[in-house]
Structure formats: C-alpha cells, structure tokens
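**Q** I'd like to ask you about the structure that follows.
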Amino acid sequence: MALEHFFPYQNKIHKHPNFPCYDLDFNTLINPIQTLNCNLKKNESSIKQKFSIFTQKYNRDFSFVYTDASKSNGRIGFGVNIPNINLSFFSRLPGEISITKAENVAIYQAIKIIISKDIKKAIIFSDSLNAISKIKNPKISATDDSISLKTKNLILSAYKKGFDILISWIPGHSDIPGNVEADLLAKIGTGLNIPLAMLLDSQDDLNSIKEKLLLNLK
0 MALEHFFPYQ
10 NKIHKHPNFP
20 CYDLDFNTLI
30 NPIQTLNCNL
40 KKNESSIKQK
50 FSIFTQKYNR
60 DFSFVYTDAS
70 KSNGRIGFGV
80 NIPNINLSFF
90 SRLPGEISIT
100 KAENVAIYQA
110 IKIIISKDIK
120 KAIIFSDSLN
130 AISKIKNPKI
140 SATDDSISLK
150 TKNLILSAYK
160 KGFDILISWI
170 PGHSDIPGNV
180 EADLLAKIGT
190 GLNIPLAMLL
200 DSQDDLNSIK
210 EKLLLNLK
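For the sequence shown, counting from 1, position 175 maps to 174 in numbering that gives the first Met the number 0; every step adds exactly one.
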C-alpha cells in the first residue's frame, strides 16, 4: 500500500551523489548568517508602532524586504514584497512541502531578487522563526533539507559580492504593512493553477504519504 503511494513521487525527489550538506560552503561554519533582533514579542501591544520606531534608523540605508507563506486546503503559496521599489512577487508551491519549507523558499526567492536588482543593503523580514532558525544554524547534518542549505549558500555568495543582507523575525498578523502585503501575496499564490517547479526532499514525500495513509484509515 505504502509503495503504491510512493511511485508517483519517484521523479520529483531531489537526487544528488552527495548529501546536500556536503555541497555547503565551508565558510558557513565560520561566517554565520547575519540576523537582526527587532526586540518584538508575539501578542504584545503596539507591535506596529514599535516596529516602525525600531526600523527608523535603518530606513535610509537599507531596503526592507518582506516574505511570507500560506497554506490553505492543501495548496501552498508564498509572497515577497519590497515596498521601496514597488516589487511584488508570488507563486504557488508543491502541496507536499511543509509551511516552514515554504517560508524558506520565500526567503531564498527574496535573496535572488535582492541580487538581481543589485540591492546592496537589505533586511529580510519573515514571521517564521523556524525558517530563520534553519537558515542561521551553523551546524549541518545529512538530514538538513535542501532549500535551507541552498539559502545559506546563496546568502554567503551574496556576502562575498559585497551585499549586506540581514534576516529578521517579526510577529505575523501584527498589522505591519509590509508583512500584511506579503501575506496577501502568499494567499494569491495558493490560488495559482501551476506550482513552481522544484524537486522535493524525501521527507516531504514521506510526510505526504503518511497523511494520505492516515486519511485512508479513517
């Protein structure tokens, strides 16, 4: 029964002669990903105002980039919003991936946009603490998912090219304008017909198969 569920995923799985962690730049261990602590707490009062006050000192030199992901009825989407250049990006993702991985994809796409638009100084604001933790964690293992490792490699490559990119956590659903827009874009992404083409990690498929098997047992 489980094998029958696995067959459709055979050509969707990320395949590589090495574990993805062995492709990671060694500099990750000695040059950690740079983060910014906004000193905000979920569910505290006046988050929007506190965020505005805290970020004032960065407004002049940094572009603010907001990312988010959304999952609804088995459909996943993500969005990227860069207000100061009026840029909005959204896409749908394969339904097999977790919401944390979708948040990581959003951050990865944001970094790609930052590089392509030559935005030398940027702060990426994400409301996913899990996604940020995966990216900034200097430890690597054979079980690390491919998109987190790709994001680490991409941001380290950007550092070498002179980009100054910080990643910062902000509470979701706190009426921070850029985050509100990114959330809306992510929801739009879930409604697209065709998901972004990307290879899955085996764990994505296993989780999806497990969900289907559990549904069949009900």
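Virtual Cβ for every residue (Gly too), placed ideally from N, Cα, C. Only a predicted model underlies this, so the values are computations on that prediction, with no experimental measurement involved.
Taking Cβ positions, are residue 64 and residue 101 nearer each other than 8 angstroms?
**A** no
**Q** Buried or exposed for residue 93, please, with buried defined as at least 16 other CB atoms from any protein chain shown within 10 angstroms of its CB.
**A** buried
**Q** Residue 123: which of 52, 195, 62, 187 sits nearest, CA to CA?
**A** Minimum Cα-Cα distance from residue 123 among the listed residues 52, 195, 62, 187 corresponds to 62.
**Q** What did DSSP end up calling residue 186 once you bin it into helix, strand or coil?
**A** helix
**Q** Got a sec? Which residues, its chain only, sit under 6 angstroms from residue 180 by beta carbon, not counting five neighbours each side?
**A** Excluding sequence positions up to five before and after residue 180, its CB lies within less than 6 angstroms of the CB of 80, all in the same chain and listed in chain order.
**Q** For the alpha helix (DSSP H) that contains residue 105, what are its first and last residues?
**A** Its alpha helix (DSSP H) spans residues 98-115.
**Q** Using CA atoms only, rank isn't needed, just tell me which of 114, 88, 75 is closest to residue 159.
**A** 114
**Q** Do residue 34 and residue 154 have their beta-carbon atoms positioned less than 8 angstroms apart in this structure?
**A** no
**Q** For residue 117, which option in 38, 57, 163 has the closest C-alpha, if you only look at C-alpha atoms?
**A** 163
**Q** Classify residue 80 as helix, strand or coil using the three-state DSSP reduction.
**A** In the structure shown, residue 80 sits in a strand (DSSP, three-state: E or B).
**Q** So residue 70 is in the beta strand (DSSP E); what residue range does that whole segment cover?
**A** 62-71
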